[in-house]
Structure formats: C-alpha cells, structure tokens
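If you read the sequences in order, they're chains Y and W.
46 is the number that the working numbering gives to position 46 of the first sequence; each next residue is one higher, with no gaps.
Each number in the working numbering corresponds to the 1-based position in the second sequence with 1000 added.
Each remark here refers to the structure printed beneath this line.
Protein chains: 2
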Amino acid sequence: MSGENQTVKNKVTYVKKGSLVTPNGFKVAGVHSGVKRQRNDLGVVYSERPAHAAAVYTLSQIQAAPLKVTKESIQTDEKIQAVIVNSGNANACTGEKGEQDAYTMRAMTAEVFSTDPHHVAVASTGIIGLEMPMNKITTHIDQLMIGNTADHAAQFGESILTTDTFSKSACYQAEIDGKTISMGAAAKGSGMIEPNMGTMLAFLTTDAAIEGPFLQTALKEVVDETFNCITVDGDTSTNDMVLVLANEAAGNDLLTPAHPDWNVFMSLLKTTCEDIAKQIAQDGEGATKLIEVTVNGAPSDEDARKVAKSIVGSSLVKTAVFGTDANWGRIIAAIGYSGVEINPNTIDTAIGPIELLKNSQPTNFTEEEATTYLEEDTIYIDVNLNIGEGVGKAWGCDLTYDYVRINASYRS
Amino acid sequence: MSGENQTVKNKVTYVKKGSLVTPNGFKVAGVHSGVKRQRNDLGVVYSERPAHAAAVYTLSQIQAAPLKVTKESIQTDEKIQAVIVNSGNANACTGEKGEQDAYTMRAMTAEVFSTDPHHVAVASTGIIGLEMPMNKITTHIDQLMIGNTADHAAQFGESILTTDTFSKSACYQAEIDGKTISMGAAAKGSGMIEPNMGTMLAFLTTDAAIEGPFLQTALKEVVDETFNCITVDGDTSTNDMVLVLANEAAGNDLLTPAHPDWNVFMSLLKTTCEDIAKQIAQDGEGATKLIEVTVNGAPSDEDARKVAKSIVGSSLVKTAVFGTDANWGRIIAAIGYSGVEINPNTIDTAIGPIELLKNSQPTNFTEEEATTYLEEDTIYIDVNLNIGEGVGKAWGCDLTYDYVRINASYRS
C-alpha cells in the first residue's frame, strides 16, 4: 500500500459494538414469522428519510424475484427508505407467483412504514423453488417494531441468517467536512455459496451525503475488491445482493469524486466491506480457518486478485490448509492455471512468516515449523510474482469433512 | 446425435481386453525402479517404426520439464518411436536440474531402444518440487523388456499410476479402406487433478496411417470434447499430457479430412478418448459415483459443454449426489452462473428417468424415487435449455469425505 493510501486508511476508525444503526437516522427490527423453525426470519432496515441507494447483484442469469423488484425500486428514484428481508425461503425459481409475492411484500412494507412502494427494497434468502409462505410474512410485517438500540440490531442480524453460525456486522467512522460519518453493515453468508440457500446478502447504512450514481460507482469498485474476492466453494447464488443506503443525516457536503475527502469515503466503504467479507469467508460452511491470500508483483491489481482467488478457491489448497500441510505444489499449481500471465521462474511464496519458495524453488523451511504455523485460526498466504506492480487480496476458508456433511445432508 | 453420426459411431467396435498393444507394431513394458515404494513406476511405449505423433498439454503456465522435452521432440520430426514415462516424481518446479534430468531420460531411452533422441517423448507424474531420483531411473531403463502381451500391457498400466485405484485402458477398432484399424489407450488420473501429483497422462496408440498435422487437429478437437470435459476438483496440473502415436502398420491410405472414412477415424479416436476420460472421472479421488451430464438445446456445442462442466464441477451438486439428494436448486444455480446465455424460464432438468424441472418449474417427482435413483453407481443428469441446437457432455464424480481425507493427509 502506498504511503498516501495508508494515511487515508488511518483516518478510518473501528467502532466497537457499532452496527447498522450507528449511523444517524437508521432503525431496524427483526421478528420470527414462522418461515424458519425458531430463529428470527423477517427484518427491516429503515431510514428516517429516503436514502440514496446503490446495489450490486449476483452475476447469475437466474435471479430471484426480489432482485427484480429491488432493481425496479432503485431505478425509479435512486432512493430507498425501507428494506424488507426474509430468510428461510429464497423466492427463487418461483415463477410469476414469486414475482407477485415480492411485489406484495414491497406494497405491504410501504404501507406499514408510510413510504412509497418504489422506496422499498426486497431481499430474500433460503430454499430455492418453494412458494413463499406469504400468510406468515404478511401477518408479521406490521410486527416489526423498529429502533436503534444494539438489541434491535441483534434482532435484525438474526433475521437474515440461514446456515450461518454467527451474525456478521461491522461499523467504522471517518471525518469528512468536519462531520463524523458512520458506516454500518450487517450480512449473511455461509457458503459464498449455497445456491440452495440463496446465499450472500449484505446491507450497509451510512449517514453520509452522496448521490446515487456516485454511490453506485463507489460500491461497484469496492465490491470487486472485497465481496467478489471471497469464495467458499465457487458456486454463485441466485439471490446475492449488496445494498447501501446513504441518508445525508451527517450533514457533510455532497460527496463526489472531486471532493477533497472522496478517498476517505472510499476507504471507509472499503474497510467496512472488507471486514464483512472476511467474516463471511471465515464462516464458510464447515470452515475451521480463515485464509487470506495476498498477491504482489502482478501485471495489474486485477490480475493480482485473479491469482489470489485462484489460490484461495483451489480445493487442494483448502484441504491442505485443513490438514496443516505446507503443500506449496498446490499453491504454485493454482497460480499456473489462474489465467494470468506469469513468469514460472520468479515466484516467491510464504505462509505467514515462513518462506516456502524463492524464485519458484523450495527454500529450506522445515515441515515442522510450517505445520505449527498452519494450526493458527487465520492463515496468511503471500505470493510475489515479481513481474509487475499489481497488488490484490482474496479470502476463503479450508475445505473440511463438515463441508461435505453439511451439503450432503442439507435438505434432509 | 444426428442419424449420420450414429451410423458412423456404429462402425466403431469395442475390443474386449484390448490395450495399447492391440494395434499392430506396438510393444510396452513396465518395471519397478524404486521411485515409488512397491508398484511399477517406470514404463515405455515402443513402436516398431517412428510413428506420427500428436500431443495436447496442460494449459497451466507452469509446466513440468518433461513437457518441454516432449514438445521439442515432436517439433523436430513430428514422429515418436518411444515414450518413456515414470510415476512417483513429476519433475516439476525442479529448475535447470529437472530439465537436464528429462534430457538424460530421453537420451538413455534413445540409446537403449536404438532410436534418435528426437524420436523419444518423456512424461512424468508424481510429487512436485522434488529432484528426480535419477540413480533409480537410469539403472532401470535397460530393464524394460518390451512385448505385446496382455501381461506387458498390465505392467505398463501399473507403471504410470499414482493415487489411482485402478488402471485405465481401452481399445476400439474400425474398418478403413478394408483394413482393420485398432486404437488402444492407457491413462492415469485420480484427481483430474492433484497438482501435487502431476495428474493426468493418457497415451494412445493406433496402427492407422495419418500424418502428424492432421492427427494433431483431430486430437485437439477430440480432447476438447472428452478429456477437457472431465473434472474432479477443478484444479489443473503442471504435467497433463495426452499423446497419440500412429504407426501406419495397418496399411490404410493416408488419412486426411478429405478421406471418405475420415469421420470413422474421428469417431474411433473420440470413442477411445471418451471411454478413458470416463474411467478417469469415475476414479476421481474419493469418488463413489460417476456423474455424466448431458446438455441439449444450448446456443452452440461449446456452450452446451460449458454448462455441462459448470454443473459437474459444482461442489454443491457433487455433495448432493454423494448425499443422494435430488437438489435441483443446485443444478439450476450452476446453470445460472456458467457464463452461457440462457433463458431462465425454459430449462428442463432430469436425473436418469426422473424429470425434476419443466420450463424451470419443479415437477411432481417424489423425493423417494429420486433418492432411490441417486443410489446408482452412475448418475445421469440431463438438461435441456430449449434455446438452440447445441449438445454437449461432461463427466465428473461426487465429492465425499474421502476426498477431504485423501487430500488433507496426502503428503503425511
């Protein structure tokens, strides 16, 4: 990281116990409607006024009904005031009835929270291909008692989970125009990838003032470097959505790329997304370890991320990490088939502090020190291709017996 | 398959107990040199005269030393008389010493079998990054007593295996110009991929008369539809090689695309490669089932193969098959992210005789009949995208606890 970027990054501070409701003017709620057996399964994110909105969706060509409805809402006015989200049923591959159901959820939420339907976004996650149990949903939207306490945030956090083992949330702050700007986030994951459970949802709130189109550009750029750099099993869901709401409550001057603190805002957004993305990777199905791969010396940043994703997505690297085996042959193989142009003779590779390869040749590391390192909870794999200036990171998890167990028996 | 193709295919017949030495003029041998603990680990394929040769190699940018040497040999004269192959050590990531070792293997083989070095191909498979135990190899090349019996073929078949649980071989025949043309094959796989064990090698012999460039074109086309359509875990090795030798011993007229029986030869080559490719998929690490995916109605044949590979490569489809779970949500998700343009509303999907989806909507199949079907050894998944004429197949295996066990503990 260059000196300037580091300075910008230092302006972003972590907010302990912060959440979606730390930014001014946001409230949330979560209830149990009965779609899932026990845990909360219906939630709402509410902004005191319509907030500038931007979103990124799954690249799958098969997209669930709520995505269509949310896109339509954002296109209308680029603002969202309420996000209604349910877990337990993805409302995917449900045909016209599914679309009607998503529109019904939008209309009822608009009515309950006194806003326009086009100011409502809809998100769903859960089993694919089952009709939405609308009788449960429609009777509980008006039970969502919004508030901005930590308890409200916890209730909402639970309402979006599927096979996740913990709630994912984060909050950071930065100063812009002398105002404190907060950004909070909540997410669910747990396979990057569980198409049967319509996967990854992330919601971000900020009290920054920034218009939709700039927010959209910023989000797209940051998602490419964070959420698009995590993998659990390479599968992509029908329901993925990252949605950010910016409600102007902090009172800063409208942010544009020309604003002197634009980079501070970008860093705030990226830091928040990266934190959440790592939590999702760490909670991959069956995972026991978080793997962070950093690639330096690539032809471009994009190439560096591509190599990093190839390594962290390799089933053989993932099983080797699970088995605490410093199997650099698998790392170099994953570099070789990444599709990025490399020099096969100039590759350096390390795990944590231990250098494994220098100029593509094994060093004199001992298996014992490598195995000891691989027993840590977070494994850092560092690669330098030594042919350019590109830098990139990717995150994933190990591949374990539990991944097979969870996915071989999920529906039963 | 069109009527004409079916007619051509019917001209190709399976040769029970046939092998690499069924085609006239080929001999093989295999011995134990000590690179592996017990099983044979050094073998040779020999043609009574230099044979027209063609080869396809791994797409990885990190390629093992033997590939460089083999490419050089074929480029010189487009003919090969002897193929020397060892298992247990991949001679990959071994620097200049590795190259020297591969050249030494080539030179010694040329001497022992009285041919030119550029008529010798070299192939290795095994652990990456370890120096070749040349003292074991060099003292055993002259122990290779070639012959054309079934026992010789079995000795060779064993000499190329790594973690494979069985030898892969096949033989087919067809009539061209009134002559019987035979094609034999031997291969090892067992992870499509095990980059640490430099993976898939396949050797084909035929007594057909066909020149190198046409053989190369034919091989490339067929490999795309067979070996490139199998996957075990998505990783690609540094050592993959498919090599075909055609020694003219059958006495047919030289084959070119203008020959009236060109399609018969192509069908013979494809049938042989497909048989071997399926054996490799079936013996994927930890696999309990072979999965064959057929896609119809795609925009093109290439697109159909892409969708088929996306499905058979999905960790979630693979675990579902292992768990005998008719989880069509995972199949449709894999179609959605395959990168091929589809219509999300026109997809039909079946497993074996059981229709799961019609026009992307679930049918009334019972979980019970689906589970019963999924207990078979070979699982057929059929998809019709209903938007074009493209047809393609791909093969893989289920993802099991044993895959994790084998790969989490492989080096220890």
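We put the beta carbon where it would ideally sit given N, CA and C, even for glycine.
- In this structure, the beta-carbon distance from G1184 of chain W to S1019 of chain W falls below 7 Å.
- Contact of P362 of chain Y with chain W by beta-carbon distance below 7 Å involves G1129.
- Residues A1174, E1175, V1264 and S1267 of the same chain have their beta carbon placed closer than 8 Å to that of K1011 of chain W, with the five preceding and five following residues left out of the count.
- T1206 of chain W is bridged by DSSP to W:M1183 and W:A1246.
- Between A1249 of chain W and D1207 of chain W, the C-beta spacing is below 7 Å.
- Straight-line measurement puts the Cα of T1288 of chain W at about 7 Å from the Cα of C1397 of chain W.
- For a cut-off of 8 Å, the C-beta gap from I62 of chain Y to G1336 of chain W is around 3 Å, short enough to register as a contact.
- The alpha-carbon of N86 of chain Y is positioned some 15 Å away from that of Y46 of chain Y.
- Annotated three-state conformation of N1359 of chain W is coil, per DSSP.
- Residues of the stretch 1045 to 1079 of chain W whose Cβ lies closer than 9 Å to any Cβ of chain Y, in chain order: T1058, L1059, S1060, Q1061, I1062 and Q1063.
- Excluding sequence positions up to five before and after D1240 of chain W, its CB lies within less than 7 Å of the CB of Y1057, T1058, T1199 and M1200, all in the same chain and listed in chain order.
- The beta carbon of V1222 of chain W is closer than 6 Å to those of L1269, K1270 and C1273 in its chain, skipping five residues each way along the sequence.
- Contacts with chain W at 7 Å (Cβ-Cβ) do not include I280 of chain Y.
- In the three-state reduction of the DSSP assignment, C93 of chain Y falls in the coil class, being assigned neither a helical nor a strand state.
- Our two residues, T115 of chain Y and L130 of chain Y, have alpha carbons roughly 29 Å apart in a direct line.
- For K1068 of chain W, the enclosing alpha helix (DSSP H) has its first and last residue at A1065 to D1077.
- For the stretch 317 to 382 of chain Y, the continuous alpha helix (DSSP H) assignments of 4+ residues that do not extend past its boundaries occur at 328 to 336 and 367 to 373, in sequence order.
- One alpha carbon belongs to V383 of chain Y, the other to F227 of chain Y, and they sit about 21 Å apart.
- Under the three-state reduction of DSSP output, R49 of chain Y falls in the strand class.
- Using a C-beta cut-off of 8 Å, the stretch 1306 to 1319 of chain W makes no contact with the stretch 28 to 36 of chain Y, since fewer than three inter-stretch Cβ pairs fall below that distance.
- In the three-state scheme derived from DSSP, where H, G and I count as helix and E and B as strand, E389 of chain Y is classed as coil.
- Within 9 Å of the CB of L20 of chain Y, no CB atom of chain W is found; the nearest one sits about 28 Å away.
- Counting only residues of its own chain and dropping the five nearest sequence neighbours on each side, A308 of chain Y has a CB closer than 8 Å to the CB of C229, V293, T294, V295, V383, G392, K393 and A394.
- Within its own chain, the residues whose Cβ lies closer than 7 Å to the Cβ of Y1014 of chain W, once the five positions on either side in sequence are excluded, are Y1172, listed in chain order.
- Using a CB distance cut-off of 7 Å, V404 of chain Y counts as an interface residue toward chain W.
- Shown here for A170 of chain Y: same chain residues with a beta carbon closer than 6 Å to its own, the five before and five after excluded, namely A185, T272, D275 and I276 in chain order.
- F214 of chain Y: member of the alpha helix (DSSP H) spanning G212 to E225, first to last residue.
- As summarised for the stretch 1113 to 1164 of chain W, the continuous beta strand (DSSP E) elements at least 3 residues long and confined to that stretch are 1120 to 1127, given in chain order.
- Between F156 of chain Y and A320 of chain Y the beta-carbon gap is near 38 Å, outside 8 Å, which marks them as no contact.
- By the rule that beta-carbons nearer than 7 Å mark a contact, G336 of chain Y touches chain W.
- When beta bridges are read from the DSSP output, K188 of chain Y appears opposite Y:L201.
- Linking F1203 of chain W to A1055 of chain W through their CA atoms gives a straight-line distance of about 9 Å.
- Across the structure, A107 of chain Y and T138 of chain Y are spaced so that their CA atoms are roughly 10 Å apart.
- With distances taken between CA atoms, S1300 of chain W lies nearest to W:E1389 out of W:E1389, W:L1144, W:A1082 and W:G1286.
- Interface residue (Cβ-Cβ distance to chain W less than 7 Å): F203 of chain Y is not classified as such.
- Residues of the same chain with a CB within less than 6 Å of the CB of T1205 of chain W, apart from the 5 flanking positions on each side, are L1020, P1023, F1026, G1184 and L1245 in chain order.
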